[in-house]
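Participant:
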Amino acid sequence: DQQVKQNSPSLSVQEGRISILNCDYTNSMFDYFLWYKKYPAEGPTFLISISSIKDKNEDGRFTVFLNKSAKHLSLHIVPSQPGDSAVYFCAASAYSGAGSYQLTFGKGTKLSVIP
Amino acid sequence: NAGVTQTPKFRVLKTGQSMTLLCAQDMNHEYMYWYRQDPGMGLRLIHYSVGEGTTAKGEVPDGYNVSRLKKQNFLLGLESAAPSQTSVYFCASSDDTATGSEQYFGPGTRLTVT
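Protein sequence lines correspond, in order, to chains A and B.
Note that this note's numbering numbers the first sequence so that position 115 is 126, with each residue one more than the last.
Note that this note's numbering numbers the second sequence so that position 98 is 140, with each residue one more than the last.
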């Protein structure tokens, strides 16, 4: 049973336009959400996060929106640049006891930004 | 400051062979994790550690063992490799902030079991 779902395996966007990546979750115990970016042959790198008590977080060209009632979050990239082409993973965090938080990842969305 | 490093980068094993993957971090992080990533899948947690000398099972622990003898190192062992363990393995670490969530990943180890 997938607790974090990214239903679009891939997305193509023209350079300069907005990229919108979506993520849905089922576990209401998740209290923190993160987006990671991954280039081929590299490890994922942290991009942006949002606490469950907020509905928006912005960092430069990247904005994450959270709709708790719908259990949905989205990552907006504007304007999109060719260097943004990568796989984007949505991840959700929940406390797992003994002082530890565990991340549950979605399957990822491959973003291609076309020059 | 190298962050999180993993050794080796690539490895090919025959079924039944054993090996150990090494993860090292120089950020003095308390928490360390081992994930596997398979094609079309997200990262799945194998084992994790909340501090030196501690380990715990994640989502897919079967066939793996781990040890955290030093705070900066986290070892993942395969005692008898199987083709189903062909995957890319990522190590990560995080500090002990209130959220404890932002994890820093190594570059990965690509393992093929034939």
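Every residue, glycine too, gets a C-beta built ideally from N, C-alpha and C.
#1: Counting only Cβ pairs nearer than 8 Å, list the residues of chain A close to Gly148/B.
#2: Between the beta-carbon of Gly54/A and the beta-carbon of Gly84/B, is there less than 8 Å?
#3: Taking all protein chains shown into account, decide if Gln113/A is buried (16 or more other Cβ within 10 angstroms of its Cβ) or exposed.
#4: So, does the CB of Gln145/B fall closer than 8 Å to a CB anywhere in chain A?
#5: Quick one: residues in its chain with C-beta nearer than 6 Å to the C-beta of Lys121/A, no 5 flanking neighbours on either side, listed in chain order?
#6: Are the C-beta of Phe116/A and some C-beta of chain B separated by less than 8 Å?
#7: If you measure beta-carbon to beta-carbon, which residues of the stretch 94–121 of chain B are closer than 9 Å to chain A?
#8: Listed from N- to C-terminal order along the chain, which residues in the stretch 77–89 of chain B have their beta-carbon within a distance smaller than 7 Å of any beta-carbon of chain A?
#9: Taking 8 Å as the threshold, find out whether the stretch 30–50 of chain A comes into contact with the stretch 50–61 of chain B through three or more Cβ pairs.
#10: Looking only at C-alpha atoms, which of Tyr131/B, Leu64/B, Lys99/B and Leu117/B sits nearest to Asp80/B?
#11: By Cβ distance, which residues of its chain are closer than 7 Å to Pro126/A, with the 5 residues on each side in sequence left out?
Facilitator: Taking the coordinates as given:
#1: Going along chain A in sequence order, the residues near Gly148/B (Cβ under 8 Å) are Gly54.
#2: No, they are not a contact pair.
#3: By the C-beta density criterion, Gln113/A is buried, having at least 16 other C-beta atoms within 10 angstroms.
#4: Gln145/B counts as touching chain A.
#5: Answer for Lys121/A: Ser21 and Val98, listed in chain order.
#6: Output row for Phe116/A: interface = yes.
#7: If the cut-off is 9 Å between Cβ atoms, the stretch 94–121 of chain B has Thr96, Ala98, Gly100 and Glu101 near chain A.
#8: Flagged, chain order: Gly82, Met83, Gly84, Leu85 and Leu87.
#9: The answer is no - the stretch 50–61 of chain B does not touch the stretch 30–50 of chain A, with fewer than three Cβ pairs under 8 Å.
#10: Closest by alpha carbon: Tyr131/B.
#11: Once the five neighbours on either side are set aside, the close Cβ partners of Pro126/A are Glu26 and Pro93.
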